[in-house]
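K.L.:
Please see the structure below; I have some questions.
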Amino acid sequence: MQATQIAGTGIAGYGASIPRMRVRVTEIARVWGKNGEQTAAGLGVSEKAVAGIDEDSCTLAVAAARKAVLGAKIDPQNIGAIYIGSESKPYAVKPTASIVAEALGATPNLTAADLEFACKAGTAGIQACMGMVASGMIDYGLAVGSDTSQGRPGDALEFSTGCGAGAFVIGAKDAIATIDGTTSFTTDTPDFWRRQHQEFPRHGGRFTGKPAYFRHVLGCANALFAKTGFKASDFDYAVFHQPNGKFPLEAGATLGIPREKLATGLVTPFIGNTYSAATMIGLCAILDEARPGQRILAVSYGSGAGSDAFALTVTEAILEEGRRPVKRVWDLINENKTYIDYAVYVKHRRKLKSM
Amino acid sequence: MHHSLPLVWRRIPERYNLIGCKCETCGTPYFPDRKICPKCRRKGKLVKQKMPKTGTLYSFTRVHAAPSGFEHESPYWLGIVELGNGVRILSQIVDSPEEKVVIGASVTMVFRRIYADAEEGIIAYGYKFKTI
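Protein chains in written order, with this note's numbering: chain F, 557 to 911; chain C, 1273 to 1404.
What follows is the structure, encoded as structure tokens:
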């Protein structure tokens, strides 16, 4: 466990992208001979977002990052670092971050890299940017979590793996939310992995709860409280990594955070678990409605395993014209969506072997 | 299908950020980039310029018999988009409900995969448009 309090860093801009297509959990259950209603209720997920055939974690990252840079009101040339967290990279070797940098017009004077830590690589990027901003090495850094999450056909994961991206511009000036503290909690916990050249991940089944998700999320949140002096009741909103619709509610209940404070950032029931993007899209949804002075607790979780926790305070700058994206996260979730059946879903996710 | 790597590489500014050019002599914008202004000829002076990222749908068609590399996307919309500065470009129209794909519809640029060069080759990314 380690904690850092980095003075003066904050979120300058944020953005999320969620693809338009949805497949219902009941439809996936129909194909695999499971009880759809029961499966959906068991997971707390009713439908999930599906990226189109011309979308991948790179295009979703670009869409989210463009919104974040627009809201930050900065010249992309002032971005000194770009980190893309993903476990579904379009290339095994060739950084998505370089493509995002080019698409933003941030090249060539910046550092860029892709990060991998199951579902928490995006928040690891936020911490890297915070350190670089605080040290004066860069003016602004961009951290993106983007995934077109993968689940083997018929596997329990397939019911919940969604697609989406969340992006944050981290800077020291004109922050819409200051980051008051961050802590990480990391152990070697083999609850989820994907070996080299394998298409789909494997997981520890029922062991992914208590010794994995809850140990890290709760351990990290408590470490943040211990180091910063905040209590759970100090926060007006909270967002936890959300592999399903139930785990984050249980984590909240254990910490004494009521459901109302979790509702805004709980997006997995409607778009699925977007892996690296999950906590970040939830945080975007909270920033869409939080008022100046309100405090936010964000705790990510990545299998393998680790958590990053952040304490944020919203500033007056969030009320300035153009600092929030035009479309709110909940608009992206609810508007312009198209339902597809399982057959169209496997086509778009390239799960048909003869394609 | 095999695509030329230099072709993908060289067109990155054009495809990612709609970078064309403008003749400083007569003010005409061009996309894609040109070497000579057809109006001013040797008196023309072309400089790089970003095109606006929004426009209106000038014309469109629906492609049912797709060329190689686009088979899995058919049927799809192909449109001529008139950008805010009057420049017209050909682009796929994606993520748009059928009732919104009409002449005069407002459209905005999105970043998508255009094609991938077989299993091991390069992925070409670039602009497509969607209705607002």
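Glycine is no exception: its CB is placed at the ideal position from the N, C-alpha and C atoms.
1) Indicate the three-state DSSP secondary structure (helix, strand or coil) for Q594/F in the structure shown.
2) Mind checking E603/F: buried by the 16 CB within 10 Å criterion, or exposed?
3) Alpha carbon to alpha carbon, what distance is there between K1294/C and D612/F?
4) Report yes if the CB atom of F724/F is closer than 9 Å to the CB atom of I567/F, and no otherwise.
5) Would you list, in sequence order, the uninterrupted beta strand (DSSP E) runs of no fewer than 3 residues that lie entirely inside the region 606-667 of chain F?
6) Ends of the beta strand (DSSP E) at V1353/C?
7) Relative to the C-alpha of G1356/C, which candidate in H1275/C, V1379/C, S1331/C and F1332/C has its C-alpha closest?
8) Any idea if K1317/C is buried or exposed, counting beta-carbon neighbours within 10 angstroms, 16 or more meaning buried?
9) Rounded to whole angstroms, how far is the Cβ of V601/F from the Cβ of S702/F, which I believe are closer than 8 Å?
10) Can you list the residues of chain C that D612/F reaches, using a CB-CB cut of under 7 Å?
11) Which chain C residues sit within Cβ distance under 7 Å of V618/F?
12) Roughly how many angstroms separate the alpha carbons of Q683/F and T615/F, rounded to a whole number?
13) Between which two residues does the beta strand (DSSP E) holding D1367/C run?
14) Quick one: is A926/F near chain C, going by C-beta distance under 9 Å?
15) Shortest alpha-carbon distance to F673/F belongs to which of K909/F, S644/F and F803/F?
16) Does any CB atom of chain C fall closer than 9 Å to the CB of R576/F?
17) As a quick exercise: from R905/F, K907/F, A617/F and Y901/F, pick the residue whose alpha carbon is nearest that of E583/F.
18) Compute the Euclidean distance between the alpha carbons of Y791/F and G808/F, then round it to the nearest angstrom.
19) Taking the straight line between their C-alpha atoms, what separation do you get for T560/F and V689/F?
20) If the cut is a Cβ gap below 8 Å, which residues of chain F does D1305/C touch?
21) Quick check: the Cα distance between K1400/C and A777/F, rounded to an integer number of angstroms?
22) Note down, in chain order, all residues in the region 1341-1367 of chain C with a beta-carbon under 7 Å from any beta-carbon belonging to chain F.
23) Span of the alpha helix (DSSP H) holding A807/F?
24) How big is the Cα-Cα spacing for G681/F and S832/F?
25) DSSP has C510/F in a bridge; who is on the other side?
26) Give the DSSP bridge partners of E749/F, in chain order.
27) Do the region 803-819 of chain F and the region 889-904 of chain F make contact, defined as three or more Cβ pairs closer than 8 Å?
28) Given this structure, state the Cα-to-Cα distance separating S910/F from P575/F, to the nearest angstrom.
29) Would you call the region 690-698 of chain F in contact with the region 736-752 of chain F, where contact means no fewer than 3 C-beta pairs closer than 8 Å?
30) Is I1375/C close to chain F? Criterion is C-beta to C-beta, closer than 9 Å.
31) Name, in chain order, the residues that DSSP records as bridge partners for G1327/C.
32) Note down, in chain order, all residues in the region 637-665 of chain F with a beta-carbon under 8 Å from any beta-carbon belonging to chain C.
33) Enumerate in chain order the residues of its own chain whose CB-to-CB distance from Q558/F is below 8 Å, with the five nearest sequence positions on each side excluded.
34) Whose Cβ in chain C lies nearer than 9 Å to the Cβ of T615/F?
35) Tell me which residue opens and which closes the alpha helix (DSSP H) that T835/F is part of.
36) Of all the options T824/F, T784/F and F786/F, which has the alpha carbon lying nearest to the alpha carbon of Q798/F?
P.N.:
Looking at the coordinates:
1) Within the first sequence, numbered from 1, the residue matching residue 594/F stands at position 38. Residue state, collapsed to three classes: helix.
2) Within the first sequence, numbered from 1, the residue matching residue 603/F stands at position 47. So E603/F ends up on the buried side.
3) Position 56 of the first sequence, counted from the first residue, corresponds to residue 612/F. Position 22 of the second sequence, counted from the first residue, corresponds to residue 1294/C. The straight-line gap from Cα to Cα measures roughly 33 Å.
4) If you number the first sequence from 1, residue 724/F lands on position 168. If you number the first sequence from 1, residue 567/F lands on position 11. For F724/F and I567/F, yes; Cβs fall inside 9 Å.
5) 635-641
6) Start at 1 with the first residue of the second sequence, and residue 1353/C comes out as number 81. It spans Y1348 to L1355 - the beta strand (DSSP E) in which V1353/C sits, taken as one unbroken run.
7) Here residue 1356/C refers to the residue found at position 84 when the second sequence is read from its first residue. Comparing alpha-carbon positions, the option among H1275/C, V1379/C, S1331/C and F1332/C lying closest to G1356/C turns out to be V1379/C.
8) Walking along the second sequence from the start, residue 1317/C turns up at place 45. Classification for K1317/C: exposed.
9) Against the first sequence, residue 601/F aligns to sequence position 45. Against the first sequence, residue 702/F aligns to sequence position 146. Going by Cβ atoms, the distance from V601/F to S702/F rounds to 20 Å, so no, they are not a contact pair.
10) As a position in the first sequence, residue 612/F is number 56, starting the count at 1. The contacting residues are R1385.
11) Here residue 618/F corresponds to residue number 62 of the first sequence, with the count starting at 1. Ordered by position in chain C, the residues that pass the 7 Å Cβ test against V618/F are F1383.
12) By 1-based counting over the first sequence, the position of residue 683/F is 127. By 1-based counting over the first sequence, the position of residue 615/F is 59. Straight-line Cα distance between these residues: approximately 23 Å.
13) Within the second sequence, numbered from 1, the residue matching residue 1367/C stands at position 95. Judged by DSSP secondary structure, D1367/C falls outside any beta strand (DSSP E); it is assigned neither H nor E.
14) Shown here, chain F extends from 557 to 911; a query on residue 926/F therefore has no answer.
15) The residue given as residue 673/F occupies position 117 in the first sequence. If we check each option's Cα against that of F673/F, S644/F comes out closest.
16) Counting from one through the first sequence, the residue named residue 576/F turns up at place 20. It does; some Cβ of chain C falls within 9 Å.
17) As a working note, residue 583/F is residue 27 in the first sequence. Ranking R905/F, K907/F, A617/F and Y901/F by Cα distance to E583/F puts Y901/F first.
18) Walking along the first sequence from the start, residue 791/F turns up at place 235. Walking along the first sequence from the start, residue 808/F turns up at place 252. The sequence shown places Phe at residue 791/F, not Tyr. The straight-line gap from Cα to Cα measures roughly 12 Å.
19) Indexing the first sequence from 1 puts residue 560/F at position 4. Indexing the first sequence from 1 puts residue 689/F at position 133. Because the pLDDT at T560/F is just 47, under 50, the model does not fix this residue reliably, and the point stays unresolved.
20) In the second sequence, the residue the question calls residue 1305/C occupies position 33. Result: empty, since nearest Cβ-Cβ is about 16 Å, beyond 8 Å.
21) The residue you call residue 1400/C lines up with position 128 of the second sequence. The residue you call residue 777/F lines up with position 221 of the first sequence. Going by the C-alpha atoms only, they are around 42 Å apart.
22) H1344, E1345, V1366 and D1367
23) Taking the first sequence and counting its residues from 1, the one referred to as residue 807/F is at position 251. Start and end: F803 to L811.
24) Numbered from 1 along the first sequence, position 125 holds the residue referred to as residue 681/F. Numbered from 1 along the first sequence, position 276 holds the residue referred to as residue 832/F. Cα to Cα, the separation comes out at about 10 Å.
25) Lying outside 557 to 911, the shown extent of chain F, residue 510/F is not represented and no answer is given.
26) Here residue 749/F refers to the residue found at position 193 of the first sequence. Residue 749/F is actually Trp in this sequence, not Glu. Beta-bridge pairing links W749/F to R758/F.
27) no
28) Start at 1 with the first residue of the first sequence, and residue 910/F comes out as number 354. Start at 1 with the first residue of the first sequence, and residue 575/F comes out as number 19. Going by the C-alpha atoms only, they are around 25 Å apart.
29) no
30) Working through the second sequence from its first residue, we reach residue 1375/C at position 103. Not a single C-beta of chain F is nearer than 9 Å to the C-beta of I1375/C.
31) By 1-based counting over the second sequence, the position of residue 1327/C is 55. G1327/C pairs with L1355/C and V1379/C.
32) Close to chain C, meaning a Cβ-Cβ distance shorter than 8 Å, are the following residues of the region 637-665 of chain F: P646, Y647, I655, E658, A659 and G661.
33) The residue labelled residue 558/F in the question sits at position 2 within the first sequence. Because the pLDDT of Q558/F is 43, which lies under 50, any placement of that residue in the model is unreliable, and the number read from its coordinates should be weighed accordingly. Cβ neighbours of Q558/F beyond the five flanking positions: T739 and S740.
34) Mapped onto the first sequence, residue 615/F falls at position 59. The contacting residues are V1382, F1383, R1384, R1385 and Y1397.
35) Here residue 835/F corresponds to residue number 279 of the first sequence, with the count starting at 1. Taken as a continuous stretch (DSSP letters only), the alpha helix (DSSP H) holding T835/F covers A834 to E845.
36) Here residue 798/F refers to the residue found at position 242 of the first sequence. Minimum Cα distance to Q798/F is reached at T824/F.
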